[in-house]
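Asks:
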Amino acid sequence: MIPKSDIQWFETERRYLQGVAYRMLGTVSEAEDAVQDAYLRIKDIDPEEIDNTRAFLTRIVTRICLDILKSAHRRRVDYVGPWLPEPLHDISDFTGSLAGPTELAEDLSVGLLYALERLTPLERASFLLHDVFDVGYSEIAQTLERSEESCRRLAARARQHVRASRPRFKVTPDDERRYLEAFAIASQKGDMLALEAMLAEDVKLYSDGGGKVSAAINILDGKRRVGAFMAGIYQKFRNHTTTALRYERVNGVMALLTTHADDYTDVLSVDISDGRISAVWFQRNPDKLTRLH
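Numbering follows UniProt numbering, in which position 29 of the sequence shown is assigned residue number 29; successive positions increment by one, without gaps.
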């Protein structure tokens with residue numbers, strides 16, 4: 001955490017910069033480290049010498065994130081099972097005053113972050129800076145040390161991928177809660193008929209256990225496989241002590257947090273398309289859940 005007493009011109013941009021870094025990296029700790037690194041690099045700089053402090057700081061943080069992604073690539077390639085982002089309980093510290101289109105600027109869902117993870121680092125940076133943070137292509141070109149045309153192509157490819165992978169329509173918070181509750185109850189009861197009725201034919205389940213707890217090593221697709229997995233894992237839960245179930249907003253969407261007897265908490269959320277659950281996101285890796293206790 002950067003002390004508020006230090007150079008206020010940096011502190012006023014901290015939440016914005018953390019928002020850039022979290023979307024780039026997908027983990028809270030790495031995002032905070034990236035912003036701290038940026039602070040250490042600029043703490044002795046006179047802001048009067050900078051024409052646009054936000055653009056200047058965004059460039060530094062983006063480049064730090066690109067360096068982190070290069071070093072993290074091998075770890076994520078060798079990761080056991082699907083890699084999902086670290087859940088974010090309080091999104092206010094990672095939004096700031098974003099200037100981009102409201103829907104994308106406010107979207108910190110696991111589904112969007114997972115879609116970003118499928119992009120190359122340069123595609124991710126181009127797309128995020130332009131579509132979420134409203135940075136012009138000339139500034140993006142300076143940041144990435146590429147031509148403006150190259151950055152436009154990078155962002156266009158990323159945009160196409162993100163649009164194809166996300167639900168077409170946004171549901172209300174009440175609907176999020178209603179679908180998630182029904183899904184959780186059917187899973188707990190092992191009610192396959194109810195599960196298959198609410199799941200899309202091509203539903204996919206992404207379960208991140210990091211090789212440390214029970215999770216599906218591969219992405220599961222189809223309502224029968226997804227339903228059977230959820231019924232099976234809740235059967236395991238019934239065989240062990242579960243201390244609490246609670247519904248809270250995580251990454252800006254409704255999620256079910258299950259706390260187990262060993263004080264370990266996992267997070268379940270869903271995407272909804274055309275009245276059916278189209279994706280299930282199940283974060284179970286204890287290393288990514290320490291902030292949710």
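By construction, the Cβ of each residue, glycine as well, lies at the ideal position given by its N, Cα and C atoms.
No experiment lies behind these values; they were computed from the predicted model shown.
1) Out of 228, 145 and 8, which has the shortest C-alpha to C-alpha gap to residue 42?
2) Provide the residue span of the beta strand (DSSP E) that contains residue 214, from first to last.
3) Which value, in whole angstroms, describes the spacing of the CA atoms of residue 16 and residue 137?
4) Tell me the start and end of each unbroken beta strand (DSSP E) in the stretch 168 to 215 that is at least 3 residues and wholly inside, in chain order.
5) Could you name the residues of the same chain whose beta carbon sits closer than 7 angstroms to that of residue 123, not counting the 5 residues immediately before and after it, in chain order?
6) Report the residue from 144, 111 and 266 whose alpha carbon sits nearest the alpha carbon of residue 65.
7) Touch check for the stretch 192 to 199 and the stretch 222 to 235: three-plus C-beta pairs under 8 angstroms?
8) Looking only at its own chain, which residues have a Cβ that is under 8 angstroms from the Cβ of residue 300, when we skip the five neighbours before and after it?
9) Please identify the residue among 56, 182 and 166 whose C-alpha is closest to the C-alpha of residue 296.
10) Can you have a look at residue 48 and say buried or exposed, based on whether 16 or more other CB atoms are within 10 angstroms of its CB?
11) What does a CB cutoff of less than 8 angstroms around residue 27 pick up in its chain, not counting 5 residues either side in sequence?
12) Using the C-alpha atoms, what's the distance from residue 202 back to residue 78?
13) With a cut-off of 8 angstroms, do at least 3 Cβ pairs link the stretch 66 to 73 to the stretch 105 to 117?
14) Taking only beta-carbon atoms, is residue 220 less than 7 angstroms away from chain C?
15) With a 10 Å radius around its C-beta and 16 neighbouring C-beta atoms as the bar for buried, classify residue 265 as buried or exposed.
Replies: So, from the data block:
1) Reading the sequence shown from its first residue, position 42 is the one you call residue 42. Residue 42 has its Cα closest to that of 8, out of 228, 145 and 8.
2) For this step, residue 214 is matched to residue 214 along the sequence shown. That residue, residue 214, is in no beta strand (DSSP E); it is neither H nor E in DSSP.
3) Indexing the sequence shown from 1 puts residue 16 at position 16. Indexing the sequence shown from 1 puts residue 137 at position 137. The straight-line gap from Cα to Cα measures roughly 19 angstroms.
4) 199 to 208
5) Taking the first residue of the sequence shown as 1, we reach residue 123 at position 123. Same-chain partners within the cutoff: 154, 157 and 158.
6) Position 65 of the sequence shown, counted from the first residue, corresponds to residue 65. Comparing Cα positions, the closest option is 144.
7) yes
8) Nothing can be reported for residue 300: it is not among the residues displayed for the chain, which extend from 1 to 293.
9) Residue 296 lies beyond the residue range present for the chain, which begins at 1 and ends at 293; the question has no answer from this structure.
10) If you number the sequence shown from 1, residue 48 lands on position 48. Exposed.
11) As a working mapping, residue 27 is identified with position 27 in the sequence shown. Here the set comprises 85, 86 and 288.
12) If you number the sequence shown from 1, residue 78 lands on position 78. If you number the sequence shown from 1, residue 202 lands on position 202. Roughly 27 angstroms between the two C-alpha positions.
13) no
14) Although the question refers to chain C, the structure presented lacks it and comprises just one protein chain.
15) Counting from one through the sequence shown, the residue named residue 265 turns up at place 265. Under this definition residue 265 is a buried residue.
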